[in-house]
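Encoded as structure tokens, the structure appears first; notes follow it.
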Ligand SMILES: [Zn+2]
């Protein structure tokens, strides 16, 4: 296996982008990524996308996107793992370059969610149709049940959840590409509309359009493209029971823990070695459960991290400096790639006001559904 | 939902039928071909008791379109005495009162009406034990 580096990145603004179609979003991010790397061709393309078919009636995205990038002819593959589609695409791009199959690969993620589809129903297809969705559960509802289990087991409170959103919005207020730039208070979060008890509207990530793309090359060729490549040190991927009812513990995200364990094993690193991280905060409780699963907090102690400042900029382990899915936005198939871009910028020292000083090693954690699939990537400044 | 698909779900929707692993004793709902714990294929059909306890729960206030008229409603993961866990709505009570630990019984109910024809789809809902 060859070492692999990211040498370029491109990303649209995230939000309700009514002027852009699914393909427009992809092309904007992809062209920016190619330009930033100075790459003139691709040997391989992976496109992460959860549900072009249901959001805008478009499947078969791989050739469509290659075509609209002016690269019809290249190998291209669409990758789906619900909200972890982008992370799953990144792993395949990494494998493509690491294996020697390709020397220049693009990994992109794209989702167009605001073209009028019934978003609640489309997202629910990432849950177990027969055993969960049939009974009227929604995605906020599934995470609300995880939250209530976490509360019952560890004493997590509504205020603990609210602090996660306060922190996310604070970080997002410094990100020009984020959907929301407004800071919020604990009182505002707690008094916003209840979506699925105990989760309020401001504890749920929004419906977003957006795309993100990165260029991967072998590390020993990276300096041809950029002075500051970021090495992908390793990746872990895992699954767990699909339905929440079938999990060992509804308060725990076992797939995330397993993916992290595999990524740490692949790299020889430990949670204490990570300087900055992006985790999958689709709902406030998800950030709490994810930082426990990747080892930034002990089991049951993730609830205190946002309030104490541990996971804020300037804290021991800044988490979701981009604003996270909550504030940056969550175009589901794009999120896993956008997380990698935040870490890429952090490790290159390009994160501006959000910069984590001296960041050397970063981690991304992306997950699908109510946590049945997850990916963890670890990156390092070169 | 086309009728063959509906028909295939009859054992779990109508009879609350799961399966028990003859090798390790794991009980699943609905039935599965392969045991998730030991991978044995010796899975035997088993009807669940119509009672259980809430493991975790929520109140859905932004429902899918089909259930707009039902909202807000409680949904819970319920564990039966056999150790099977299933997700069901909890009816006949204030949804905010459905919390972990609550004792429930499982009753055969109308779950939803699907499509333009409003096909009636049945299954089980939990109700509090009074
Ligand atoms: Zn078994």
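Chains as they are written, first to last, in our numbering: chain A, 1 to 382; chain B, 1001 to 1130. Heads up, the beta-carbon is just placed ideally off N, CA and C, and yes, glycines get one too. The structure presented is a predicted model; accordingly, all values stated were derived computationally and were not measured.
Continuous alpha helix (DSSP H) stretch holding residue i: start and end
i: residue 342 of chain A; result: 332-347
i: residue 1116 of chain B; result: Neither: residue 1116 of chain B is in no alpha helix (DSSP H) and is coded neither H nor E.
i: residue 68 of chain A; result: 61-68
i: residue 95 of chain A; result: 85-98
i: residue 1058 of chain B; result: Careful: residue 1058 of chain B lies outside any alpha helix (DSSP H), inside the beta strand (DSSP E) at 1051-1060.
i: residue 1089 of chain B; result: Looking at the DSSP string, residue 1089 of chain B is not in any alpha helix (DSSP H); the run it does join, the beta strand (DSSP E), is 1085-1090.
i: residue 52 of chain A; result: 52-56
i: residue 252 of chain A; result: Per DSSP, residue 252 of chain A belongs to no alpha helix (DSSP H) and is neither H nor E.
i: residue 1006 of chain B; result: 1003-1008
i: residue 300 of chain A; result: Where residue 300 of chain A is concerned, there is no enclosing alpha helix (DSSP H), given that its DSSP letter is neither H nor E.
i: residue 324 of chain A; result: 324-328
Residue i: first and last residue of the uninterrupted beta strand (DSSP E) it sits in
i: residue 286 of chain A; result: From DSSP, residue 286 of chain A is part of no beta strand (DSSP E) but of the alpha helix (DSSP H) over 284-293.
i: residue 234 of chain A; result: 230-239
i: residue 1017 of chain B; result: 1017-1021
i: residue 77 of chain A; result: 76-79
i: residue 112 of chain A; result: 105-112
i: residue 313 of chain A; result: Here residue 313 of chain A belongs to no beta strand (DSSP E), and DSSP marks it neither H nor E.
i: residue 22 of chain A; result: Taken as a continuous stretch (DSSP letters only), residue 22 of chain A belongs to no beta strand (DSSP E), being part of the alpha helix (DSSP H) at 22-37.
i: residue 363 of chain A; result: 361-368
i: residue 276 of chain A; result: 276-278
Residue i: contacting residues in chain A (beta-carbon distance under 7 angstroms)
i: residue 1057 of chain B; result: 145 and 148
i: residue 1111 of chain B; result: 134 and 135
i: residue 1061 of chain B; result: 194, 195 and 196
i: residue 1128 of chain B; result: The contacting residues do not exist; residue 1128 of chain B stays about 17 angstroms from chain A at best.
Residue i: contacting residues in chain B (beta-carbon distance under 8 angstroms)
i: residue 325 of chain A; result: Correct list: empty, because the minimum Cβ distance to chain B is about 18 angstroms.
i: residue 243 of chain A; result: 1087
i: residue 351 of chain A; result: The premise fails here: residue 351 of chain A is roughly 34 angstroms from chain B at the closest Cβ pair, so nothing lies under 8 angstroms.
i: residue 138 of chain A; result: 1060, 1062, 1063 and 1064
Chain B residues whose Cβ lies nearer than 9 angstroms to that of residue i
i: residue 121 of chain A; result: 1064, 1065 and 1066
i: residue 63 of chain A; result: Near residue 63 of chain A there are no residues of chain B at all, since even the closest Cβ is about 31 angstroms away, more than 9 angstroms.
i: residue 124 of chain A; result: 1064
Assigned secondary structure, residue i (DSSP; H/G/I helix, E/B strand, else coil)
i: residue 1 of chain A; result: coil
i: residue 102 of chain A; result: coil
i: residue 374 of chain A; result: strand
i: residue 355 of chain A; result: coil
i: residue 1026 of chain B; result: coil
i: residue 121 of chain A; result: helix
i: residue 1069 of chain B; result: helix
i: residue 44 of chain A; result: strand
i: residue 1040 of chain B; result: coil
i: residue 116 of chain A; result: coil
i: residue 1101 of chain B; result: coil
i: residue 1128 of chain B; result: strand
Neighbouring residues, chain A, relative to residue i (Cβ below 9 angstroms)
i: residue 1009 of chain B; result: 130 and 134
i: residue 1096 of chain B; result: 197
i: residue 1070 of chain B; result: 136
Interface partners of residue i on chain B, CB under 7 angstroms
i: residue 141 of chain A; result: 1058, 1060 and 1075
i: residue 160 of chain A; result: Simply none; closest approach about 17 angstroms.
i: residue 206 of chain A; result: The contacting residues do not exist; residue 206 of chain A stays about 13 angstroms from chain B at best.
Contacts that residue i makes with chain A (C-beta to C-beta distance below 8 angstroms)
i: residue 1123 of chain B; result: 134 and 135
i: residue 1004 of chain B; result: What residue 1004 of chain B touches in chain A: nothing, since even the nearest Cβ is about 14 angstroms away.
Quiz item: Going along the chain, which unbroken runs of the alpha helix (DSSP H) with 4 or more residues stay wholly within the region 134-212 of chain A?
Solution: Annotation: the region 134-212 of chain A contains the following complete segments of the alpha helix (DSSP H) (minimum length 4 residues), in chain order: 139-154, 158-172 and 186-191.
Review point. Taking one C-beta from the region 1005-1021 of chain B and one from the region 354-365 of chain A each time, how about it: are there three or more such pairs within less than 8 angstroms?
Key: Flag = no, the region 1005-1021 of chain B and the region 354-365 of chain A do not touch.
- Query: When the Cβ atoms of the region 305-316 of chain A are set against those of the region 289-296 of chain A, are three or more pairs found closer than 8 angstroms?
  - Reply: They touch, by the three-pair rule.
Take every Cβ of the region 95-115 of chain A, pair it with every Cβ of the region 1042-1050 of chain B, and state whether three or more of those distances are shorter than 8 angstroms. Touching, no.
Worksheet entry | Validate contact between the region 146-154 of chain A and the region 262-278 of chain A using beta carbons, cut 8 angstroms, 3 pairs | Output reads no: the region 262-278 of chain A does not touch the region 146-154 of chain A.
Pairing CB atoms from the region 302-310 of chain A with CB atoms from the region 171-179 of chain A, are three or more of them under 8 angstroms? These segments do not touch.
### Query
Three or more C-beta pairs closer than 8 angstroms, one from the region 1057-1077 of chain B and one from the region 131-138 of chain A: is that the case here?
By the criterion of at least three beta-carbon pairs nearer than 8 angstroms, the region 1057-1077 of chain B is in contact with the region 131-138 of chain A.
**Item:** Touching by the beta-carbon criterion (3+ pairs, under 8 angstroms), the region 82-94 of chain A and the region 230-242 of chain A
**Value:** Yes: at least three Cβ pairs fall under 8 angstroms.
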